[in-house]
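Protein chains: 2
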Amino acid sequence: MSEVARRATLRDVAETAGVSRSTASRALSGRGYVAEPVRKKVLRTAEKLGYVPDVMARNLKQQVSRSIGILVTDLRNQFYADLAAGASQQARLSGYTTMLVDDGLSSAADDAAIAEAFVALRVGGVILTPTSAAVPEYLARHRVPIVEVDRQFTPDGSDGVVVDNAAGARAATEHLLELGHRRIALFIDETDWTTGRGRYDGYVAALGAAGVAVDPDLVVATGWDVEGSRARAVQMLGGRSRPTAVFAANNVLAEGAWRAIAELGLSVPGDISLVAFDDAPWMSMVTPGVTAVAQDSVEMGAAAVRRLLARLEDPVGAPQTTILDATLRTRGSTGPL
Amino acid sequence: MSEVARRATLRDVAETAGVSRSTASRALSGRGYVAEPVRKKVLRTAEKLGYVPDVMARNLKQQVSRSIGILVTDLRNQFYADLAAGASQQARLSGYTTMLVDDGLSSAADDAAIAEAFVALRVGGVILTPTSAAVPEYLARHRVPIVEVDRQFTPDGSDGVVVDNAAGARAATEHLLELGHRRIALFIDETDWTTGRGRYDGYVAALGAAGVAVDPDLVVATGWDVEGSRARAVQMLGGRSRPTAVFAANNVLAEGAWRAIAELGLSVPGDISLVAFDDAPWMSMVTPGVTAVAQDSVEMGAAAVRRLLARLEDPVGAPQTTILDATLRTRGSTGPL
DNA sequence: TTTGCCTGTGGCATCGATCCCACATGGATC
DNA sequence: GATCCATGTGGGATCGATGCCACAGGCAAA
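Listed in order, the protein sequences are those of chains A and B. With our numbering applied, the first sequence covers 1311 to 1647. With our numbering applied, the second sequence covers 1311 to 1647.
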C-alpha cells in the first residue's frame, strides 16, 4: 500500500487521531456528541492531512445529492451563456454544485446520452433550455424534477420560467405601429411552442388592435441560424414590395436581418426599421443602436434555480410557471415611416 | 419498503431476472463470462425497469471518475463562453462529464469553495481560466492535474493552452505601423502574467523593430472592465495630444474604447484607428468593422481538454504548453494616417 | 445500594456497483 | 475412469462516509 500519497480518507483521519471512524465523522459533521478536546484534535488532524470528504461516498450513503444539472442550448449564444451564468451563480449561493452541459453541436443521440448522464449522476433536478423533446420526456420518466426555461414543452406538466413573450412582442409591434408602419415583417423560427407562439400571438394582437390585417407573406420562417435569416432577409428586402419594418423574434434572426440590410446597402431607419426580441450586446454597439425587447437572461437562470429548489422542497405541489417581464428598449433603428 | 417507485438498482435487476448481482453486473458491463440467454434476459429486465447505473457508486468502487472540472472566469464574456462550449463538447466526445463552474461574480472565499468542491467531487482534473491564484495552488496541493488556459500562473509547473500573444500583438501593432501610425496607445489590464505580458512584449517588439520609441504615457492600465476602459479612453482621446491609433489588449477594453470614441464623436478610422486583441462578435457587426486579432476560443477549450486527458494518461511527463495561432483580421477600423 | 439518565465512544451494517475467488458443470484428453 | 480446462454463476468483501445501536462511565435521585 505504499502508494505515492494516496488521498486521505476519514479512516486515515480517525486512525491518526486515535479515534474511531464514527467519532471522526461526528467531529467533522457536528452531529452527535463529541468531547471538545477530541473534536479539536480530529479537526486538527483532518486539516493536517488535507482531508476533503468524498461527496460521492456521502451522497451514496445519504441517498441525496446537492447537485443540479443545467442543459443549455448553445453557450455560444450570449443569451444562453448569460442564463447559464445566472443559474450557476444562484446554485452556488444556495450550496448546490452544478453539472452544466452545453448542447451545442450535439446530435439527437448525444441528447439521449446527456439525459442519461444526469440520471446516472443522480442530480436532484435539471434546468432545461430548448433542446430535443426527448430530454424532458426521459427525465420525467425517471422522475427527475425539471424546470423548463425560455420554452416549455409541457406548460401544464412541469415547472417553467419564461419571459412574457406575448407582451414583449406586442410592445415591439405597437412601437412600430405608432411610428406609422403598416407593412411589418415578422422573422421567426417556429410558432409551435411557447416561445415562438407567444411572440407570434403578441405580433398578431398588436396588429389586430390597430386594425391592421395580418399578411401571411410577411410572416417568414427563417430557419434557426444567422445564415438562414440573412438569406431570407436578402430575398425579402431586395424585392420590390418590401416591408417598411422588420421584427426579428430573437437575437440570432436579428443578426441575420442586420447583416442582410448592410449587404443590401439599405439605411436604418430611413429605408427600413428593425426591432429585435432579446437585447444582445452588439445591438447597443452598432450605429444606429437596435431597438430591442430586453429580457434579463441572468435573472431567468437564477429564477429557474430558485424554482427548482422550491420544487425539491415540495415535490408534490402543482407545477408553477414564473413569468418575467420583458421591456422595450428604444434605440435608433426604429423611426417614423 | 413500499416507497413510491424507488429508483431501480442493480440488485433489483438481478432479483427480477433471477440471477445474482455479480452476473447482472457482468451482463451489463460486458466484462467476464455470461451465457448469451442470461445476458439477453438481464438486459431486457434492466430496460424494463429503467435501470440506470449510479456513477457515484461505480466511481467509489473503481476509484476513478470520468469527469473533469472546468472553471471559467466569466460566462458573460463571449470569449470564455466559447471556450467553455469547446471544452464541454470535447469532453463529451471523449466520454467525460464536466463540472462547469462560472466564477462570475465570485469572491475569493467562493474561489476556495469552488476548488474544494472539485476535490470533493474527485474530478480527474480541472481546466482553469484566469481566476484567483489560490485555485491552482489549492488544486496542485491536492494533486489534481490542471490545465491553465489563456493565462498561466506557473508556465513551467503546469500544463497550459495559450494563444501566441506576442505574435498576435506584434502583428496588430505592425499593421498600424505600416499604415503610418507612430503614436499608438496600448490599452491593457495588466502586464504581469503571461497574457498581458505577451501582448505588451509584442507591442514593444513591433515598435522597436520599426525604430519607434515606446512612450510610457501611451501605455495605459485601464482596469478590468468596460467602464474603466471607457473612462480612461474618454480622458486620453479627449485631450489635445491624442494618439492616432489605439490597440486594445482584449475585447472588453476594446468595447470601452469603442464606446468612448462614439461618445466623443470621433470618426473611425478618420480621426483614430482601432485594433483589438480577441475578435468578439460585435466587431464584425459595427460599421466600420473592427480590425482584430482573432483567437479560436472554441478550439482553445477543446485543446485544453485534450491536453488534460493526455495528462491523465501520463501523470508524470513534463508539463506542456500548447500555443495556438492568432490571426489578424483586417477590417475598416484601421486606416492610413 | 440500586436505578436511571446523560454523555461520549466504538462496532457494524448500509448505500450501489464491482470484482476476486470459489465452486459447479460439461466436454475433451490421457 | 480420472484429470484438466474452459465456461458460467454466486458469495462476499470492498470503496468512503454515515448513523443506528450498544455500551461504558459518571453522576444524581430514590
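Ideal Cβ placement from N, Cα and C applies to all residues, glycine included.
Near residue i, which residues of its chain fall below 7 Å by C-beta distance, leaving aside the five closest residues on each side in sequence?
i: arginine 1492/B; result: Val1522
i: arginine 1616/B; result: Gln1400
i: alanine 1356/B; result: Val1323, Leu1338
i: valine 1578/B; result: Ile1571, Leu1584, Pro1598, Ser1643
i: glycine 1506/B; result: Ile1498, Asp1499, Glu1500, Ala1559
i: threonine 1383/B; result: Tyr1390, Asp1413, Thr1439, Pro1440, Thr1441
Against residue i, what residues of chain B qualify as contacts under a CB-to-CB distance less than 9 Å, listed in chain order?
i: arginine 1639/A; result: The premise fails here: arginine 1639/A is roughly 16 Å from chain B at the closest Cβ pair, so nothing lies under 9 Å.
i: tryptophan 1568/A; result: Met1595
i: methionine 1409/A; result: Ser1377, Thr1407, Thr1408, Met1409, Leu1410
i: arginine 1617/A; result: Within chain B, no residue comes near arginine 1617/A; the closest Cβ sits about 19 Å away, beyond 9 Å.
Please state whether DSSP places residue i in a helix, a strand or coil.
i: valine 1615/B; result: helix
i: valine 1529/A; result: strand
i: arginine 1402/A; result: helix
i: alanine 1604/B; result: strand
i: arginine 1336/B; result: helix
i: threonine 1640/B; result: coil
i: arginine 1453/B; result: coil
i: glycine 1479/B; result: A quick correction: the sequence has alanine, not glycine, at residue 1479/B. Helix.
i: alanine 1590/B; result: coil
i: asparagine 1387/B; result: coil
i: glutamine 1372/A; result: helix
i: aspartate 1420/A; result: helix
i: threonine 1504/A; result: helix
i: histidine 1491/A; result: coil
i: proline 1446/B; result: helix
i: arginine 1317/A; result: coil
i: proline 1646/A; result: coil
i: serine 1539/B; result: helix
i: serine 1312/B; result: For serine 1312/B, the predicted model reports a pLDDT of 32, less than 50, meaning its position is unreliable; a value from the coordinates is still stated below. The answer is coil: DSSP assigns serine 1312/B none of H, G, I, E or B.
Who are residue i's beta bridge partners in DSSP?
i: glutamate 1458/A; result: Leu1438/A, Gly1470/A
i: glycine 1648/A; result: Examination of residue 1648/A is not possible in this model, given that chain A is present from 1311 through 1647 alone.
i: phenylalanine 1497/B; result: Val1530/B, Ala1558/B
i: glutamine 1585/B; result: It should be pointed out that residue 1585/B corresponds to valine in this sequence rather than to glutamine. Its beta-bridge partners are Phe1557/B, Thr1601/B.
i: leucine 1634/B; result: Val1473/B
Anything in chain A within Cβ reach of residue i, meaning under 7 Å, just list it in chain order.
i: tryptophan 1592/B; result: Pro1591, Trp1592, Met1595
i: glutamine 1399/B; result: Asp1412, Gly1414, Leu1415
Grab me the residues of residue i's own chain with a C-beta within less than 6 Å of its C-beta, minus the 5 sequence neighbours each way, in chain order.
i: histidine 1452/B; result: Val1429
i: glycine 1508/A; result: Asn1475, Ala1476
i: valine 1314/B; result: With a pLDDT of only 44 at valine 1314/B, under 50, the local geometry of the prediction cannot be trusted, and no value is derived from it.
i: tyrosine 1513/B; result: Ala1479, Thr1483, Leu1496
i: arginine 1540/A; result: Gly1566, Arg1569, Ala1570
i: leucine 1393/B; result: Ser1607, Met1610, Gly1611
i: methionine 1311/A; result: Any reading at methionine 1311/A is ruled out, since the residue's pLDDT is 29, under 50, leaving its predicted position unreliable.
i: alanine 1481/A; result: Leu1638
Starting from the C-beta of residue i, find all residues in its chain whose C-beta is less than 8 Å away, skip the five residues before and the five after it, and write them out in chain order.
i: aspartate 1590/A; result: First, the residue type needs correcting, since residue 1590/A is alanine and not aspartate in the sequence shown. So the qualifying residues of the chain are Gln1388, Phe1389, Asn1561, Ala1564, Glu1565, Ala1602.
i: tryptophan 1503/A; result: Pro1440, Arg1461, Gln1462, Phe1463
i: leucine 1634/A; result: Val1471, Val1472, Val1473, Asp1474, Gln1605, Asp1606, Glu1609, Met1610, Ala1613
i: arginine 1621/A; result: Gly1435, Pro1455, Val1457, Asp1469, Gly1627
i: valine 1530/B; result: Ala1495, Leu1496, Phe1497, Ile1498, Arg1542, Met1546
i: threonine 1333/A; result: Ala1324, Val1344, Val1348, Val1352
i: alanine 1443/B; result: Phe1463
Could you list which residues in chain A have their beta carbon closer than 8 Å to that of residue i, in chain order?
i: valine 1362/B; result: Glu1426, Val1429, Ala1430, His1452
i: aspartate 1420/B; result: Arg1402
Confirm the yes/no value for this check: CB of residue i, any heavy atom of the ligand MN, distance under 6 Å.
i: arginine 1453/B; result: This structure lacks the ligand MN, and indeed carries no ligand of any kind.
message = Beta carbons nearer than 9 Å to chain A: which residues of the segment 1364-1381 of chain B have them?
response = Asp1364, Val1365, Met1366, Ala1367, Arg1368, Asn1369, Leu1370, Ser1375, Ser1377, Ile1380
task = Please name the residues in the segment 1423-1445 of chain B whose beta-carbon is closer than 7 Å to at least one beta-carbon of chain A, in chain order.
result = Glu1426, Ala1427, Val1429, Ala1430, Leu1431, Arg1432
request  = Could you list the residues in the segment 1385-1396 of chain A with a C-beta less than 8 Å from some C-beta on chain B, going in chain order?
outcome  = Leu1385, Arg1386, Gln1388, Ala1391, Asp1392, Ala1394, Ala1395
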